[in-house]
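Chains as they are written, first to last, in the numbering used here: chain A, 419 to 769; chain B, 1429 to 1737.
Where a beta carbon is used, it is the ideal one built from N, C-alpha and C, also for glycine.
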Amino acid sequence: MTTSSITAEVPRQRGGDAEAPVLEVRDLHVEFATREGVVKAVNGVNYSVSSGETLAVLGESGSGKSVTAQAIMGILDSPPGRVSKGEILFRGEDILKLPESERRKLRGPKMAMIFQDALSALNPVYSVGNQLGEMFRVHQGMSKKDAKAKAIDLMERVKIPAARSRVNDYPHQFSGGMRQRIMIAMALALEPDLIIADEPTTALDVTVQAQVMDLLADLQREYNMGLILITHDLGVVADVADKIAVMYAGRIVEQAPVHELYKRPAHPYTRGLLDSIPRLDQKGQELYAIKGLPPNLLKAPSGCAFNPRCPKAQDICRTEVPALLPVTERDGTELAGRGSACHFREEQLHG
Amino acid sequence: MTELTKSTSVAGDATAPAKGANAEAEPAIARVTQWGEIRHRFLANKLAVVGLGLVLLLFLTALFAPLLAPHDPYAQDLTNTLQDPGSGHLLGTDALGRDQLSRIIYGTRIAVVIGLASIFLACLIGIVIGALAGYFGRATDSVLMRIADVFFAFPLLIGAIVIIIVMGRGIMPVIISLAIFSWPTVSRLLRSSILSVREADYVLAARALGADTRRIIVRHIIPNSIAAVMAYAAFSVGGAIVAEASLSFLGVGVSPEVPEWGNMLAAAKDFMGVKDFLWTYPSIAIVLTVLGFVFVGDGLRDALDPKLR
Chain A
419 MTTSSITAEV
429 PRQRGGDAEA
439 PVLEVRDLHV
449 EFATREGVVK
459 AVNGVNYSVS
469 SGETLAVLGE
479 SGSGKSVTAQ
489 AIMGILDSPP
499 GRVSKGEILF
509 RGEDILKLPE
519 SERRKLRGPK
529 MAMIFQDALS
539 ALNPVYSVGN
549 QLGEMFRVHQ
559 GMSKKDAKAK
569 AIDLMERVKI
579 PAARSRVNDY
589 PHQFSGGMRQ
599 RIMIAMALAL
609 EPDLIIADEP
619 TTALDVTVQA
629 QVMDLLADLQ
639 REYNMGLILI
649 THDLGVVADV
659 ADKIAVMYAG
669 RIVEQAPVHE
679 LYKRPAHPYT
689 RGLLDSIPRL
699 DQKGQELYAI
709 KGLPPNLLKA
719 PSGCAFNPRC
729 PKAQDICRTE
739 VPALLPVTER
749 DGTELAGRGS
759 ACHFREEQLH
769 G
Chain B
1429 MTELTKSTSV
1439 AGDATAPAKG
1449 ANAEAEPAIA
1459 RVTQWGEIRH
1469 RFLANKLAVV
1479 GLGLVLLLFL
1489 TALFAPLLAP
1499 HDPYAQDLTN
1509 TLQDPGSGHL
1519 LGTDALGRDQ
1529 LSRIIYGTRI
1539 AVVIGLASIF
1549 LACLIGIVIG
1559 ALAGYFGRAT
1569 DSVLMRIADV
1579 FFAFPLLIGA
1589 IVIIIVMGRG
1599 IMPVIISLAI
1609 FSWPTVSRLL
1619 RSSILSVREA
1629 DYVLAARALG
1639 ADTRRIIVRH
1649 IIPNSIAAVM
1659 AYAAFSVGGA
1669 IVAEASLSFL
1679 GVGVSPEVPE
1689 WGNMLAAAKD
1699 FMGVKDFLWT
1709 YPSIAIVLTV
1719 LGFVFVGDGL
1729 RDALDPKLR
């Protein structure tokens, strides 16, 4: 599926079409061996990101969005976790076939990750300058002094006030927003081609969320990186993402350019997510919530994984797994970059 | 000022943004480092300071023994045996007329050397094995920990005696035999704290930024899990000194003519009830030394991890 083609109304397109995507995930399967059996956390995910493009991966806890990211980074806890099938192409090369030592060299200079909780993702026993500098010392063999100068540079780039005097402070001495900026600085240090941000703003309060998101978007534009933004917050992605992949029970259930998804969702689950955003103009009305709980991946429901919670489920939904297929306009023209894994995607789309 | 900047872990985080704002206005503000905070907590603990004083006294005595000792600890004076404490010999003389005070003072040297060296060696072995077991888990963990169990289950004195019989008497065999039976505790302590630390996000983050296994263990895991080991090490130097004195007392430690507290007790046991000063003063030396290390160990534990208190 050529998901890198984005409709004209998306403003943040920067010629990503011409080149091959930075990252392409093909039919990725990840399972975890547990005492109770094999948990199929990711079941055939496909997506791609080009330079300068932002893909938002949306889903509830346990939908497999973080596991996919960890598989891409090669930091799956294995065992128990393992990639059982699929390809992860980085600049056209399947990195799953690389030996671990080669993959490790990609992490940092080529791809980097931003974690949700910066307080726990920064080592408490080293100053932030030391940790930022570590990137240069490990990967570029830079001297301590030069690395520190680079660290101050980076801290200024992510707009930490008084960087020079704070470079020797420890993570716990920073506020949440500042810590997340340091995480971002660490990921950016070696100017990677791809950044995966795993819920980068979830641990922050709303005003700081917007600042950190803006910073991330600015830096991404500046460095022309591919960005995978993992989140469960629909509000966060609207302004920054180019396209969205919605995950449910280890599968992508819907894929679309960001504004189209908001305007016309083609999957009942996406519809449910959008309806459960509180809105000012619906004051006094009861807030919609998707009924039920996410499925237990040890014994996923037969057919469409969403069928037990779906308001529109039919018999076919309980027996046949819907594939992620393109959706079309009423006149039959295919909508670029869109796909939905619902038997009734057209009905859903056209309401 | 120090009150202002002293923030401990998460609890103090609420004040962090305020400090951030201050930072620019007051660049001269005293920065509190991790070690600074630990030192502060350690020095605030009275018992720990007493312990530190005792340990320092021990080290200084060992270092300056030739200057402090009034007599040659080896010099026998058969006309002056079993003198009561008093003039000429402050703590009396033993059955061979040797000055007790000088022998106690020189005894600090053996105590310090064997106590520190054996625990240092035990920590070296224990940290390597504990780190491997804790980080790699599964089969590595099981095998290494069962080996540790074997050494752990072996009675220290009997095991040490066997090793000394094989290796011959002397300082090195005592150090090695004490280390061989002390490392399992170190490795277990380290392993158990590594089990929680290796799941920490910063370990995952370090991997995501390309750090290799050696770097992750040495730089990210051990510094965050070493606190318990450091406290235990300080604590158990005292234990090693007692064990070393016990070996000498049993006649398998250092040679009997060497001024050493266990040797002195062994010689004194024949005069119990008759010349009690022969065993009381060496015993007091042992007790003060052990208490010193125990207080320091306790103080370190509290200072390194205030949550444990």
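One or two residues paired with residue i in a DSSP bridge
i: A:Val529; result: Looking at the sequence shown, residue 529 of chain A is not Val but Met. A:Met529 is bridged to A:Arg525, A:Leu612.
i: A:Tyr465; result: A:Val443
i: A:Gln771; result: Coverage of chain A is limited to positions 419 through 769, which leaves residue 771 of chain A absent and any answer about it impossible.
i: A:Glu764; result: None; A:Glu764 has no bridge partner.
i: B:Leu1495; result: DSSP output for B:Leu1495 lists no bridge partner at all.
i: A:Leu645; result: A:Thr472, A:Ile613
i: A:Ile506; result: A:Val443
i: A:Gly499; result: A:Phe450
i: A:Pro744; result: A:Gly757
Residue-level contact to chain B via CB, residue i, 7 Å cutoff
i: A:Arg555; result: no
i: A:Phe533; result: yes
i: A:Gly644; result: no
i: A:Gly510; result: no
i: A:Gly526; result: yes
i: A:Arg522; result: yes
Cβ-based neighbour list, residue i, same chain, cut-off 6 Å, excluding 5 preceding and 5 following
i: B:Ala1569; result: First, the amino acid is wrong: residue 1569 of chain B is Asp here, not Ala. Excluding residues within five positions, the ones whose Cβ falls inside 6 Å are Ala1561.
i: A:Gly480; result: Pro712
i: A:Leu507; result: Glu442
i: A:Arg525; result: none
i: B:Gln1511; result: His1517, Gly1520, Thr1521
i: B:Val1625; result: Ile1649, Asn1652, Ser1653
i: B:Val1540; result: Ala1490
i: B:Gly1690; result: Ala1673, Ser1676, Phe1677, Gly1681
CB contact below 7 Å: residue i versus chain A
i: B:His1468; result: no
i: B:Gly1543; result: no
i: B:Ala1633; result: yes
i: B:Asp1730; result: no
i: B:Leu1585; result: no
i: B:Asn1652; result: yes
i: B:Asp1733; result: no
i: B:His1499; result: no
i: B:His1517; result: no
i: B:Leu1618; result: no
i: B:Gly1638; result: yes
i: B:Asp1629; result: yes
i: B:Pro1455; result: For B:Pro1455, the predicted structure reports a pLDDT of 42, less than 50, and the residue's modelled location is therefore unreliable. A value from the coordinates is still provided. With 7 Å as the cut-off, B:Pro1455 counts as an interface residue toward chain A.
Same chain, Cβ closer than 8 Å to residue i, five either side skipped, listed in chain order
i: A:Met665; result: Val463, Val475, Leu476, Gly477, Ser481, Gly482, Lys483, Thr486, Val671
i: A:Ile695; result: Leu652, Gly653
i: A:Gly455; result: Leu716
i: A:Pro744; result: Met419, Glu752, Leu753, Arg756, Gly757
i: A:Pro726; result: Gly710, Pro713, Pro719
i: A:Pro370; result: As shown, chain A starts at 419 and ends at 769. That puts residue 370 of chain A outside it, with no answer to give.
Closer than 6 Å: residue i CB and nearest the ligand FMN heavy atom
i: B:Ser1711; result: The ligand FMN is absent from the structure shown, which contains no ligands of any kind.
7 Å Cβ shell around residue i - same chain, five flanking residues per side excluded
i: B:Leu1584; result: Phe1609, Ala1671
i: A:His768; result: Arg748
i: A:Pro740; result: Cys722, Ala759, Cys760, His761
i: A:Ala581; result: Ile570, Met573, Glu574
i: A:His557; result: Gly526, Pro527, Leu608
i: A:Ala459; result: Val448, Glu449, Phe450, Gly482, Val485, Gly668, Leu715
Problem set entry | Every unbroken alpha helix (DSSP H) inside the segment 1508 to 1590 of chain B [4 residues or more] | 1528 to 1564, 1566 to 1581
For this session: Determine which residues of the segment 1547 to 1576 of chain B have a Cβ less than 7 Å from any Cβ of chain A, and write them out in chain order.
Result: none
For this session: Report the residues of the segment 539 to 555 of chain A with a CB closer than 9 Å to any CB of chain B, ordered along the chain.
Result: Ala539, Leu540, Asn541, Pro542, Val543, Tyr544, Ser545, Gln549, Glu552, Met553
Exercise. Which residue spans inside the segment 547 to 587 of chain A form an unbroken alpha helix (DSSP H) run of at least 4?
Worked result: 562 to 575, 581 to 584
Problem set entry | Against chain B: residues of the segment 479 to 493 of chain A by CB proximity under 9 Å | Gln488, Met491, Gly492, Ile493
For this session: Mind checking the segment 570 to 591 of chain A against chain B and listing, in chain order, the residues whose C-beta falls within less than 8 Å of any C-beta there?
Result: Pro579, Ala580, Ser583, Arg584, Asn586, Asp587, Tyr588, His590, Gln591
Exercise. Of all the residues that make up the segment 596 to 612 of chain A, which are near chain B by a beta-carbon distance shorter than 7 Å?
Worked result: Met596, Met604
For this session: Could you name each continuous alpha helix (DSSP H) segment of 4 residues or more that falls completely within the segment 1627 to 1654 of chain B, going from the start of the chain to the end?
Result: 1629 to 1636, 1650 to 1653
Problem set entry | Interface positions of the segment 1643 to 1668 of chain B facing chain A (Cβ-Cβ less than 9 Å), listed along the chain | Arg1643, Arg1647, His1648, Pro1651, Asn1652
Problem set entry | Length-filtered (3 minimum) beta strand (DSSP E) runs lying within the segment 1654 to 1698 of chain B | none
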